[in-house]
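According to the working numbering, the sequence shown is numbered sequentially starting from 61.
Where is the CB? At the ideal position from N, CA and C, for every residue including glycine.
Working notes, structure below.
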Amino acid sequence: MIRLTIAAAVVLMANVPSVMAETVNRIVAVVNDAVITEADVMSQMHAMLEDPEVRLPDDADPAEVHRVILRRLIEQQIILQEAKRGGVVVASDEVAARMDHFRQRFGSEEAFQQALADSGLSEEQLKQSVRDQLLVQRVIDANVRSTISVSPQEVARELDAHPELAKPGDRVRASHLLVRVDERRGEAEARALIEDLRRQLAGGADFAELATRHSEDSHREAGGDMGWVAQGELLPELDAVLFSLPVGQLSDPIQTRLGFHLVNMEERRSAASLSVTDANHAIQQQLYQRKYQAALIRWLTDLKRRAYIEIVPSS
61 MIRLTIAAAV VLMANVPSVM AETVNRIVAV VNDAVITEAD VMSQMHAMLE DPEVRLPDDA
121 DPAEVHRVIL RRLIEQQIIL QEAKRGGVVV ASDEVAARMD HFRQRFGSEE AFQQALADSG
181 LSEEQLKQSV RDQLLVQRVI DANVRSTISV SPQEVARELD AHPELAKPGD RVRASHLLVR
241 VDERRGEAEA RALIEDLRRQ LAGGADFAEL ATRHSEDSHR EAGGDMGWVA QGELLPELDA
301 VLFSLPVGQL SDPIQTRLGF HLVNMEERRS AASLSVTDAN HAIQQQLYQR KYQAALIRWL
361 TDLKRRAYIE IVPSS
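Okay, structure coming up:
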């Protein structure tokens, strides 16, 4: 839960399979006075598998993925309990703003309500999920992020010790459109739609407009704009095509486990083009992330040490 963005998690809840109802009552963990169910774990596993920015190896062990997600849910529950003890609150207008953002992603109130109905979630349950995510972020910001800083001297020492860090790999800025293959749309229908969308784009249609109307991923509200990405950050099939495209070129349809994709190469930034300022900023971000991860682990370890946690084995 900590890793997944709220946008991805909530949009993907619409695709949680109906089998969830059969497992919703099985408790898999107890955290102080709260419980985590198998349905909670399966919902997050489904969201992870549906997120094109989450890369899992082909031979990933489902049992290990299950354990990782359960661990994250336990950590989230502990953080929420810490928020309650500390009197941390999230204003209703913050939740309302995030809910409005989700509504806009679905294009209409009718589509939003249908997605809720398909997922088996009520609007109040969705609001609670949003509130929980905001609470988690607020507590982490207060207890972890606020304690971290990186000085110019640390950046200089890191650059002296590892000069190769000043030359990171190439990055590209691209636009992305996804047509999913799922229980609502078969492969043939999805392929036909993506081919039609490509014909429209080749004929001069605006990528951002079509992505906003048709794409089914977390970049939809940005008109398909993925921002700057480095090689290795996306699904392998997308990675291979995207980094081979010339600037300004639209890809042919790309098939992955999620469905069919189109990518358009907008801009390429080579390592050689980075300024000293850019290189220092990149190193500063790496050092910050290193410190953040270490501090987060220490903080969570301490919270878990003081909590009652029981993993309930399956029968």
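Helix, strand or coil at residue i [DSSP, three-state]
| i | result |
| --- | --- |
| Leu356 | helix |
| Ser304 | coil |
| Leu238 | strand |
| Ile369 | strand |
| Gln315 | strand |
| His321 | strand |
Residues near residue i by beta carbon distance below 7 Å, same chain, minus five either side
| i | result |
| --- | --- |
| Lys187 | Val155 and Met159 |
| Glu214 | Leu347 |
Nearest neighbour of residue i, chosen from the options [CA to CA]
| i | options | result |
| --- | --- | --- |
| Gln104 | Val90, Asp93, Thr272 and Arg132 | Arg132 |
| Leu140 | Gly319, Val95 and Asn85 | Val95 |
| Ala252 | Val239, Arg163, Asp220 and Glu281 | Val239 |
| Ala248 | Pro313, Ser209 and His279 | Pro313 |
| Thr316 | Lys144, Asp242, Thr337 and Leu261 | Asp242 |
| Ile254 | Gln309, Gly319 and Glu269 | Gly319 |
| Ser211 | Leu363, Ile343 and Lys364 | Ile343 |
| Val307 | Arg244, Asn324, Arg350 and Ser168 | Asn324 |
| Ala157 | Asp100, Gln353, Val149 and Arg191 | Arg191 |
| Arg198 | Val149, Gln309 and Ser304 | Val149 |
| Ser304 | Ile200, Arg163 and Asp230 | Asp230 |
Per-residue burial, residue i [other beta carbons within 10 Å of its own, 16 or more giving buried]
| i | result |
| --- | --- |
| Gln137 | buried |
| Glu370 | exposed |
| Ser78 | Residue confidence for Ser78 is low, a pLDDT of 39 falling below 50, so the modelled location carries little weight; the figure read from the coordinates is stated next. By the 10 Å Cβ count, Ser78 comes out exposed. |
| Thr207 | exposed |
| Asp277 | buried |
| Arg258 | buried |
Contact set for residue i: own chain, Cβ-Cβ below 6 Å, skip 5 residues either direction
| i | result |
| --- | --- |
| Leu356 | Val204 |
| Gly146 | none |
| Arg233 | Trp288, Glu326 and Glu327 |
Closer than 7 Å: residue i CB and nearest the ligand NAD heavy atom
| i | result |
| --- | --- |
| Arg317 | Looking for the ligand NAD in the displayed structure turns up nothing, as the structure carries no ligands at all. |
Is the stretch 288-305 in contact with the stretch 335-348, if contact means three or more CB pairs nearer than 8 Å?
no
Segment contact, 8 Å Cβ cut-off, at least three pairs: the stretch 282-296 with the stretch 358-370
no
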